[in-house]
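Undergrad: The structure is given below, and queries will be raised subsequently.
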Amino acid sequence: MDVLSKLLDKAAGQRKFGYHPRCKQIGLTHLSFADDLMVLSDGKVRSIEGIVDVFDTFAKCSDLKISMEKSTVYLAGLSHTTRQEVIDRFSFAVGTLPVRYLGLPLVTKQFSSTDYLPLIDHIKQKICSWSARFLSYTGRLNLISSILWSICNFWMGAFRLPRDCIREIDKMCSAYLWSGGELNTSKAKIAWAFVCKPKEEGGLGLRSLKEANDVCCLKLIWRIISHADSLWVKWIQSSLLKKVFFWAVRENTSLGSWMWRKILKFRDIARTLCKVEINNGAQTSFWYDDWSDLGRLIESAGDRGAIDLGINKHATVVEAWGNRRRRRHRANFLNRVEERLVLSWNSRNQAEDCALWKGKENRFRSIFSTKDTWNHIRTVSNKVAWYKGVWFAQAIPKHAFCMWLAVHNRLSTGDRMTLWNMGVDATCILCNNALESRDHLQHLFFHGLANHHQQRLTQLAGSHCRFPSPLHFAGDDLHSMARAKRAQTWSFSEFFKSAYQLDR
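Quick note on UniProt numbering: the sequence shown kicks off at 1 and runs consecutively.
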């Protein structure tokens, strides 16, 4: 493929076929992935003949002939006469736009329900393929986080999914978690928004798709402002930015696709998360980038400040260094700007400017962290005191999940079942004396039925380990148990196992 790639580039350089109008500036002739090859041209008959000649030359060198019958040509922006001439002269199959590639729809207009329907169907097929397996809550949770979320991340890496699409996916995943393959939405024990919280905040550690969707858009912005060495960034710079700084592009621009305009709307969030470290000053906007402790100068000085300073709004820092103008101003802020400009000039070097992104502990680094960005933009809840007492390292996952339900008082106990079925007998079947509830079962565990458990745990953990009685699920008891010695792992395991068996 490397030989064919060089032959195509050489032929385009020799004008044997014309570049695609949007690809000439970056010299892009083709895209290749695995055994697929996508050749881009101006669509003229002469250009297609030149491409076919390259294929023939490659076949003579490598003995690998490209099948014309299995190849597809996509035509757009051509006159009806030219289009018909191409169809008549070549044996390619004729495709229609938009087209799906690598499972993703290549569309320029905003996503419709038809566009994201394949994603919904893919997730449904996955869930249906698991319906024959008897899985615990934890097993289903692992499938959601490892497989279904990976499928969604693949799509969100390229597009911003509509809210209706995310709502439908959340609905299916919630139904699968709580009811299995039957996808019964009425069996949810805890709201999905609460499930999609970190474990230390009382959730199950899943990331909200809406928040992950936002992070993916911010990651695309990071690739643009950090001048990442990627074909996509080069195309953005040559076709959409056109020597204009990313921060200065109008939000209502007519250039680009709907996805480009979505990215532009995330600039307000991105501004709070990025800075620039000045080195040679050649790639940094003097007015729009945050390169000094004064922030983005255009926000403080405005258009009038640009006039008073005598520095063009599209100037780089290196251009501002070489700009001749008076150095003292009536406005104190402009004098401070001049001071920062002198300081940056004195500390300049030959390295390229470095884009920085806010990471852990609000420190700016030269790398993008999905996790840290998610923590910066999400709605943070208070940490719960008991999470280490439920999600400790040696816990059996299905037992820990059941204990998590118990903490939230969502076990299928008699007092809860009477809420949706008044005819059910809610009397405790263990003592036949009281209303069955979470707290009642816990009381029995520590005072009645589980004396042999306590004796066994005391023997294993030692007499110094005293278990709270009664155990308050919503209080600090689980937290205090989590701080105890490793030997108390046995107490957690036995207690969780009992709660799990009772819920079943």
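Glycine residues also receive a C-beta, built at the ideal position from the N, C-alpha and C atoms.
Please classify W386 as buried or exposed, where buried requires at least 16 neighbouring CB atoms within 10 angstroms.
TA: Under this definition W386 is a buried residue.
Undergrad: Across which residues does DSSP place H314 in a beta bridge pair?
TA: According to DSSP, which records beta bridges pairwise, H314 is partnered with nothing at all.
Undergrad: Going residue by residue through the segment 25 to 83, where are the continuous alpha helix (DSSP H) segments of at least 4 residues, counting only ones entirely within it?
TA: Runs of the alpha helix (DSSP H) inside the segment 25 to 83: 45 to 62.
Undergrad: Looking at the secondary structure, which residues open and close the alpha helix (DSSP H) in which K234 lies?
TA: That run of the alpha helix (DSSP H) goes L231 to W235.
Undergrad: Around the C-beta of K70, are 16 or more other C-beta atoms found within 10 angstroms, so that it is buried, or is it exposed?
TA: Label assigned to K70: exposed.
Undergrad: Report all residues from its chain with a CB closer than 6 Å to the CB of L8; omit the five preceding and five following residues, and keep chain order.
TA: Contacts found: T29, H30 and V54.
Undergrad: Between which two residues does the beta strand (DSSP E) containing Y101 stretch?
TA: Start and end: V99 to Y101.
Undergrad: Compute the beta-carbon to beta-carbon distance between I221 and R296, rounded to the nearest angstrom, for a pair I have assumed lies under 8 Å.
TA: Between R296 and I221 the Cβ distance is about 15 Å, and since that is not below 8 Å, they are no contact.
Undergrad: Please classify V195 as buried or exposed, where buried requires at least 16 neighbouring CB atoms within 10 angstroms.
TA: Result: buried.
Undergrad: Could you have a look at T96 and say whether DSSP puts it in helix, strand or coil?
TA: Three-state result, T96: coil.
Undergrad: Is it right to say I123 is buried, meaning 16 or more other beta carbons lie within 10 angstroms of its own, or is it exposed?
TA: That one is buried.
Undergrad: Which ranges would you report for the alpha helix (DSSP H) in the UniProt domain "Reverse transcriptase zinc-binding" (368 to 441) if only whole runs of at least 4 residues count?
TA: 370 to 377, 387 to 390, 397 to 407 and 414 to 417, all fully within the UniProt domain "Reverse transcriptase zinc-binding" (368 to 441).
Undergrad: For E361, write down the residues that DSSP places opposite it in a beta bridge.
TA: Per DSSP, none; premise fails for E361.
Undergrad: Can you tell which of K199, V380, T138 and F159 has the C-alpha that lies nearest to the C-alpha of S174?
TA: Comparing Cα positions, the closest option is T138.
Undergrad: Give the range of the beta strand (DSSP E) segment to which P105 is assigned.
TA: L104 to L106 is the span of the beta strand (DSSP E), which, as asked, contains P105.
Undergrad: Out of K219, L143, C428 and D372, which one is the CA nearest neighbour of E361?
TA: With distances taken between Cα atoms, E361 lies closest to D372.
Undergrad: Could you pull out every residue in the same chain whose Cβ sits closer than 6 Å to the Cβ of E436, ignoring the five residues on either side in sequence?
TA: Once the five neighbours on either side are set aside, the close Cβ partners of E436 are T413, G414, A426 and C428.
Undergrad: Starting from the C-beta of V3, find all residues in its chain whose C-beta is less than 6 Å away, skip the five residues before and the five after it, and write them out in chain order.
TA: Counting only Cβ-Cβ distances below 6 Å, and skipping sequence neighbours, we find nothing.
Undergrad: Rounded to the nearest angstrom, what separates P198 and G205 at their Cα positions?
TA: About 4 Å.
Undergrad: On a CA-only basis, which of A212, S47, Q283 and I298 is nearest T379? Give me that one, please.
TA: Ranking A212, S47, Q283 and I298 by Cα distance to T379 puts A212 first.
Undergrad: Determine, using beta carbons only, whether L264 and E251 come nearer to each other than 7 Å.
TA: Their beta carbons are under 7 Å apart, which means L264 touches E251 by this criterion.
Undergrad: Using beta-carbon positions only, say whether E338 and R348 come within less than 7 Å of one another.
TA: No, these two residues do not count as a Cβ contact at 7 Å.
Undergrad: Could you name the residues of the same chain whose beta carbon sits closer than 6 Å to that of Q459, not counting the 5 residues immediately before and after it, in chain order?
TA: Confidence at Q459 is low in this model, with a pLDDT of 49, below 50, so its placement is unreliable and the value that follows should be read with caution. None.
Undergrad: Spell out the partners DSSP gives A355 in its beta bridges.
TA: Bridge partners of A355: V276.
Undergrad: In the DSSP output, what is S285 paired with across the bridge?
TA: T316, per the DSSP bridge assignment.
Undergrad: I311 and A320: beta carbons closer than 7 Å?
TA: Cβ distance < 7 Å, so I311 and A320 count as in contact.
Undergrad: Going by alpha carbons, who is nearest to H440 out of G423, R340, N421 and A406?
TA: For H440, the nearest C-alpha among the options comes from A406.
Undergrad: Hey, is the segment 154 to 161 in contact with the segment 109 to 123, meaning 3+ C-beta pairs nearer than 8 Å?
TA: Verdict: yes, contact present.
Undergrad: Going by DSSP, what residue range makes up the alpha helix (DSSP H) through S174?
TA: Element bounds for S174: R163 to S179.
Undergrad: With H, G and I counted as helix, E and B as strand and the rest as coil, what does DSSP make of K109?
TA: K109: coil per DSSP, three-state reduction.
Undergrad: Between Q110 and the rest of its own chain, which residues show a CB-CB distance below 6 Å, the 5 nearest in sequence each way excluded?
TA: Once the five neighbours on either side are set aside, the close Cβ partners of Q110 are W258.
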